[in-house]
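Going by our numbering, the sequence shown opens with residue 537, and the numbers climb by one from there.
For reference, the structure discussed in these notes is given below.
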Amino acid sequence: MPMTRIALSPVTAVTLDPHAPVMQDAAIHVEDGAITYVGPAHDAPDFEADEVRGGEHLVAMPGLINTHCHAAMTLLRGYADDMALEPWLQDRIWPFEAGLEEEDVYWGTQLAIAEMIRNGVTCFADMYFFHRRATEAMVESGVRACPSASIIGVFPDVPGQIAEARSYASEAAGAGDGRIRPCIAPHSLYTCEREHWTAVVDAAGELGVPIQTHAAETRAEVEEVRKRWGATPIQTLDSLGALDVPLIAAHCVHLDDTDLEVMARRRDGRSAVRVAHNPASNCKLASGVAPVAELRRRGIDVGLATDGTASNNRLDIWSEMRLTALLHKAVELDPTTLAAEEVLEMGTLGGARVLGLEAEVGSLEAGKRADVVLVDFDRPHLHPPHDVVSHLIYSAQSADVVTVMVDGQLLYDGGEHLTVDVDRAMAEVDARARRLATAAAG
Ligand SMILES: [Zn+2]
């Protein structure tokens, strides 16, 4: 990667650094992929930049983090909507996915990455089929990602899947100049057996990688897990030792008091379970609303996520932030619930904490990797400038993103993708989705 020195100056910096959360007339210097200075432009050290972006209408903020998705499900966007979960999965999603080939996942992932980058998402956690080919798409695009090898107990050769997850997790660690941070992803308690889970927990512990899984998404799932395992999903995961390695749990909609106590248990100053909150997906599939305000009151790490595009249908953390800020106020009947600052934290630094990346990304601070987004506030819906953080949550939208960099590399600038051939990705996904839909219907 060519080492570019980039200056963002002057900008309004929304840093997520508690010491100076919002700075007017700021400068940000980026060198060798890292942030070397964030502070007042007039105090900035001399810096010879190769690239400069600045203007009083530009707001710089940390890249958004999507803590749970199935990127290549872009192939299924709009294919089946407004259905109950069971027939949706069994009659529509799974027959379509049965025809998937490696190259479909590659192009589906490319399209997802293009969409996320232009929406200001600089890092995402992924869980899908053909993870090695998907990882290639991530490496090529310059994005930061936590991909995972999935284990699905209802598929053949589970020991082979676990062995592959082990070798993938060790081989992919540090790929893409350190941007790729693999995980192991047993799909859920209802699709994997006890011996699968035990082997996965052992592997994750040995390799020092997080586990990603789905947990407590629907009431029906909780009932099924109770019947099969004799306890709630969270308490079952605890008894399996899954909470003793970093556990990234998607959804956590249906929790009881004991679940919350177990989840809040501390390990290295962190909650035992880190929650990927998927508000749009949970609404669309009528799963319910996760008790996010209560999770946060108990000190449990919560980040935001989109889930796959079959159940959202956007890969857009802006709309998840706005929905999060609105939904939980309505549920709690309390307009002070999840203020704009808190929701912005969940979309950035909180997401980094969920993925275990908070020492590297999630805020604009000298020493962190340069995953930075510029938002253009010279738009009618972003005036007058009373409160920049309020505007980011309640008024801004993904189309206001004008520049995106990861590790100091520009990925999107002035309306252009610099690392993804987006026209080809759209054409490939259209043709492949047509083929898969025809096969599923046949
Ligand atoms: Zn999911």
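By construction, the Cβ of each residue, glycine as well, lies at the ideal position given by its N, Cα and C atoms.
Taking 8 Å as the upper bound for CB-CB distance, Ile571 and Ala906 are in contact here, some 5 Å apart. For His864, the CB stays at least 7 Å from every heavy atom of ligand 1. Distance from the CA atom of Thr872 to the CA atom of Asp957, rounded to whole angstroms, is 43 Å.
By the Cβ-count criterion, Val879 is buried, with 16 or more other Cβ atoms from all chains shown falling within 10 Å of its own Cβ.
A direct Cα-Cα distance of roughly 13 Å separates Gly710 from Ser684.
Shown here, Pro916 sits in a helix according to DSSP, grouped into three states. Taking a C-beta distance under 8 Å as the contact criterion, Val924 and Val595 qualify as a contact pair. Residue environment analysis places Ala756 among the exposed positions, since fewer than 16 neighbouring C-beta atoms fall within 10 angstroms of its C-beta. Using a Cβ-Cβ distance cut-off of 8 Å, the segment 744-753 and the segment 765-783 are in contact, since at least three pairs of beta carbons, one from each stretch, lie closer than that value. Counting along the chain, the unbroken beta strand (DSSP E) around Pro546 starts and ends at 542-550. One alpha carbon belongs to Ile698, the other to Ile564, and they sit about 44 Å apart. In this structure, the straight-line span from the alpha carbon of Thr645 to that of Ala607 is close to 5 Å. The straight-line gap separating the alpha-carbon atoms of Arg834 and Ala888 is approximately 19 Å. In this structure, Met559 sits away from Val909, with a CB-CB distance that is not shorter than 8 Å. Approximately 14 Å separates the beta-carbon atoms of His723 and Ala752; this is outside 8 Å, ruling out the contact. DSSP places Pro718 in the coil class of the three-state scheme, outside both helix and strand. Residue state for Phe665 is assigned as coil, using DSSP reduced to three classes. With distances taken between CA atoms, Lys904 lies nearest to Leu552 out of Leu552, Glu731, Ser545.
The closest CA to that of His732, considering only Ala705, Ser686, Glu877, is found on Ser686. Proximity of the beta carbon of Ala786 to ligand 1 is indicated: a heavy atom of the ligand is located closer than 7 Å. Note that the segment 770-779 touches the segment 787-802; at least 3 beta-carbon pairs, one per stretch, sit closer than 8 Å. Here Cys605 is bridged, per DSSP, to Asp662. Where Glu894 is concerned, there is no enclosing alpha helix (DSSP H), because DSSP gives it neither an H nor an E. In this structure, Ala650 lies away from His919, with their beta-carbon atoms at least 8 Å apart. The Cβ neighbour count for Ala634, taken over all protein chains shown within 10 Å, is under 16; the residue is labelled exposed.
The beta carbon of Leu621 lies closer than 6 Å to those of Leu821 in the same chain, with the five residues before and after it left out. DSSP places His790 outside both helix and strand once states are collapsed to three, so it counts as coil. A direct Cα-to-Cα measurement between Glu592 and Phe913 gives close to 9 Å. No heavy atom of ligand 1 is found nearer than 7 Å to the CB of His790.
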